[in-house]
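Undergrad: In terms of full-length UniProt numbering, the sequence shown is numbered consecutively and its last residue is 350. Cβ coordinates follow ideal geometry from the N, Cα and C atoms, glycine included. These figures come from a predicted structure and were not determined experimentally.
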Amino acid sequence: MSPANHNPEIRKDAVNNRMVIISPARSRRPSDFKSKSKPSSNPNSDAHQTCPFCAGNEHQCAPEIFRSPEYSTSDWKVRVIENLYPAVSRDVGVKSDDVEYGHADVIGEVRLGGFGYHDVVIESPVHSVQLVDMLVSEVADVLIAYKKRIGQICGVGSISYVQVFKNHGASAGASLSHPHSQILALPVIPSTVSTRLNSMKEYHNQTGKCALCNIHTDKLLIDESTHFISVSPFASTYPFETWIVPRYHSSHYHEIGEDKAIDLGGLLKLTLKKLSIQLDDPPYNFMIHTSPLQITSSQLPYTHWYIQIVPQLSTIGGFEMGTGCYINPVFPEDAAKILREIEVPKPNRE
1 MSPANHNPEI RKDAVNNRMV IISPARSRRP SDFKSKSKPS SNPNSDAHQT
51 CPFCAGNEHQ CAPEIFRSPE YSTSDWKVRV IENLYPAVSR DVGVKSDDVE
101 YGHADVIGEV RLGGFGYHDV VIESPVHSVQ LVDMLVSEVA DVLIAYKKRI
151 GQICGVGSIS YVQVFKNHGA SAGASLSHPH SQILALPVIP STVSTRLNSM
201 KEYHNQTGKC ALCNIHTDKL LIDESTHFIS VSPFASTYPF ETWIVPRYHS
251 SHYHEIGEDK AIDLGGLLKL TLKKLSIQLD DPPYNFMIHT SPLQITSSQL
301 PYTHWYIQIV PQLSTIGGFE MGTGCYINPV FPEDAAKILR EIEVPKPNRE
């Protein structure tokens with residue numbers, strides 16, 4: 001059956017417990033999908049003089065947490081700094097504006113002090129370089145920086161969950177075009193994370209298997225490396241949504257070793273390159289979905305981290321907001337086939 005003749009389907013995402021409507025009749029052919037907007041870029045050759053993330057402008061940034069290499073000066077590769085405009089306060093004693101900390105005005109409504117960590121990972125000292133342009137070893141440096149920072153945060157007992165995310169392009173939420181990503185650590189477990197954990201537990205109870213170890217690959221596999229696979233998820237919420245999943249069972253991203261980080265860097269670079277070629281360099285978001293920092297031994301068999309990449313190709317409407325059920329105009333099998341068949345030279349691993 002050709003893509004144009006697909007009948008609409010309602011699918012369930014067993015990992016996130018979401019229902020998705022796959023409805024290609026609402027759109028054009030999958031191969032025709034292109035980004036409607038470009039990631040913001042500054043054509044000014046003097047951008048490095050005003051961009052706080054560029055090498056030489058370190059004094060314009062919020063305090064540095066660490067850099068790689070550790071003792072580098074102007075030749076650093078990655079810097080992790082505090083966010084100058086944080087969503088949460090680093091003061092562990094921060095209180096709610098309510099007189100009584102944690103007081104509920106109405107049953108079910110709770111106020112907590114907004115403690116947490118909000119960091120920025122500056123991925124390169126060069127303004128015009130993006131992850132897709134970097135050497136595999138440079139991408140791995142960024143991935144290792146995530147690991148190191150999460151490892152540091154693990155020592156703070158009141159932090160429950162850490163979210164790594166990247167917004168690439170203005171319409172994806174990036175305020176600066178210099179390559180960077182963010183880390184946000186919270187003292188609570190977000191409801192979407194709890195839903196994912198409960199859904200994966202239910203799948204494990206029913207099958208005896210981890211939902212991500214047992215993920216669909218038939219017709220959905222895009223690429224694979226020694227330790228990872230990239231797939232179009234069976235119930236993709238967004239057109240050309242892509243997941244990168246460890247082949248090995250692992251609950252926490254920050255337990256990744258250097259060899260696996262290099263392997264992941266190669267597959268991540270390849271995946272972003274294919275999406276860029278096919279979709280005309282779209283704005284995108286990627287998120288590392290890991291497990292809460294403190295989980296019990298009984299949760300280990302069904303918790304499994306992965307990376308979700310979402311090109312910004314469509315808008316969310318009232319139906320999606322009202323129901324939490326998304327309409328995806330591209331069948332995952334079609335997206336996987338298109339991306340699988342794109343030929344990209346093997347990335348340089350040095």
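Hey, would you say Ser235 sits closer than 8 Å to Val20, going by beta carbons?
TA: Mapped onto the sequence shown, residue 235 falls at position 235. Mapped onto the sequence shown, residue 20 falls at position 20. It is Ala, not Ser, that sits at residue 235 in the sequence shown. Remark: C-beta atoms of Ala235 and Val20 approach each other more closely than 8 Å.
Undergrad: Determine contact between the stretch 246–258 and the stretch 310–319, defined as no fewer than three beta-carbon pairs at a distance below 8 Å.
TA: no
Undergrad: Assign Ser177 to buried or exposed, taking buried as 16 or more other Cβ atoms, counted over all protein chains shown, within 10 Å of its Cβ.
TA: Here residue 177 refers to the residue found at position 177 of the sequence shown. Ser177 is buried by the Cβ-count criterion.
Undergrad: Just reading off the beta strand (DSSP E) that Asp181 is part of, what are its end residues?
TA: Translated into the one-based positions of the sequence shown, residue 181 becomes position 181. Looking at the sequence provided, one finds Ser at residue 181 rather than Asp. First-last of the beta strand (DSSP E) with Ser181: His180 to Leu186.
Undergrad: Please report the distance separating the alpha-carbon of Ser2 from that of Glu241.
TA: Looking up residue 2 in the sequence shown gives position 2. Looking up residue 241 in the sequence shown gives position 241. With a pLDDT of only 47 at Ser2, under 50, the local geometry of the prediction cannot be trusted, and no value is derived from it.
Undergrad: At the level of alpha carbons, what is the spacing between Gly157 and Ser23?
TA: By one-based count along the sequence shown, residue 157 stands at place 157. By one-based count along the sequence shown, residue 23 stands at place 23. Their Cα atoms are separated by approximately 45 Å.
Undergrad: Pull the bridge partners of Gln60 from the DSSP assignment, please.
TA: Numbered from 1 along the sequence shown, position 60 holds the residue referred to as residue 60. Partner(s): none; Gln60 has no beta bridge.
Undergrad: Helix, strand or coil for Arg149? Go by DSSP, reduced to three states.
TA: Within the sequence shown, numbered from 1, the residue matching residue 149 stands at position 149. Arg149 falls in the helix class under three-state DSSP.
Undergrad: Looking only at C-alpha atoms, which of Phe228, Met321 and Lys273 sits nearest to Tyr253?
TA: Counting from 1 along the sequence shown, the entry for residue 253 is found at position 253. Taking only the C-alpha atoms, the option nearest Tyr253 is Phe228.
Undergrad: DSSP three-state label for Phe319, please.
TA: Along the sequence shown, read from residue 1 onward, the residue named residue 319 stands at position 319. Of the three classes helix, strand and coil, the one that applies to Phe319 here is helix, per DSSP.
Undergrad: Suppose you measure from the CA of Gln299 to the CA of Lys201; what does that come to, to the nearest Å?
TA: Reading the sequence shown from its first residue, position 299 is the one you call residue 299. Reading the sequence shown from its first residue, position 201 is the one you call residue 201. Distance between Gln299 and Lys201, taken at the CA atoms: about 8 Å.
Undergrad: Identify the residues that DSSP records as bridge partners of Tyr161: which are they?
TA: Residue 161 sits at position 161 when you count from the first residue of the sequence shown. Answer by DSSP bridge pairing, in chain order: Leu186.
Undergrad: With DSSP run on the structure shown, which of helix, strand or coil describes Asp119?
TA: As a working note, residue 119 is residue 119 in the sequence shown. The answer is strand: DSSP assigns Asp119 an E or B state.
Undergrad: Select from Val193, Val78 and Thr195 the residue whose C-alpha is nearest the C-alpha of Val126.
TA: Here the question's residue 126 lines up with position 126 in the sequence shown. Looking at the Cα atoms, Val78 is the closest of the given residues.
Undergrad: Identify the continuous alpha helix (DSSP H) that holds Val231 and give its terminal residues.
TA: The residue given as residue 231 occupies position 231 in the sequence shown. Taken as a continuous stretch (DSSP letters only), Val231 belongs to no alpha helix (DSSP H), being part of the beta strand (DSSP E) at Phe228 to Val231.
Undergrad: Please confirm whether any heavy atom of the ligand ZN lies closer than 7 Å to the CB of Thr303.
TA: Although the ligand ZN was asked about, the structure shown includes no ligands whatsoever.
Undergrad: Looking only at DSSP bridge pairs, what is Met287 linked to?
TA: Your numbering for residue 287 matches position 287 in the sequence shown. Per DSSP, Phe165 and Gln308.
Undergrad: Under the DSSP definition of a beta bridge, which residues are partnered with Phe66?
TA: To locate residue 66, count along the sequence shown from 1; it is residue 66. Per DSSP, Val80.
Undergrad: What number of angstroms, rounded off, separates the C-alpha of Asn328 from the C-alpha of Glu70?
TA: For the purposes of this step, residue 328 is taken as residue 328 along the sequence shown, with counting starting at 1. For the purposes of this step, residue 70 is taken as residue 70 along the sequence shown, with counting starting at 1. Near 44 Å, if we compare the C-alpha coordinates of Glu70 and Asn328.
Undergrad: Candidates Arg111, Ala170, Gln182 and Ile150: which alpha carbon is nearest Glu123's?
TA: Working through the sequence shown from its first residue, we reach residue 123 at position 123. Ranked by Cα distance from Glu123, the options Arg111, Ala170, Gln182 and Ile150 are led by Gln182.
Undergrad: Considering only their Cβ atoms, is the gap separating Cys54 from Ile81 smaller than 8 Å?
TA: Mapped onto the sequence shown, residue 81 falls at position 81. Mapped onto the sequence shown, residue 54 falls at position 54. Cβ atoms of Ile81 and Cys54: not closer than 8 Å.
Undergrad: To the nearest angstrom, how far is the alpha carbon of Leu135 from that of Gln206?
TA: For the purposes of this step, residue 135 is taken as the residue at position 135 of the sequence shown. For the purposes of this step, residue 206 is taken as the residue at position 206 of the sequence shown. Going by the C-alpha atoms only, they are around 43 Å apart.
Undergrad: Kindly indicate which three-state DSSP category Met200 falls into: helix, strand or coil?
TA: If you number the sequence shown from 1, residue 200 lands on position 200. Note: Met200 maps to helix in three-state DSSP.
Undergrad: Suppose you measure from the CA of Ile65 to the CA of Ala174; what does that come to, to the nearest Å?
TA: In the sequence shown, the residue the question calls residue 65 occupies position 65. In the sequence shown, the residue the question calls residue 174 occupies position 174. Computed Cα separation, rounded: 21 Å.
Undergrad: Return the CA-CA distance between Tyr306 and Leu264, expressed in angstroms with no decimal places.
TA: The residue you call residue 306 lines up with position 306 of the sequence shown. The residue you call residue 264 lines up with position 264 of the sequence shown. Our two residues, Tyr306 and Leu264, have alpha carbons roughly 11 Å apart in a direct line.
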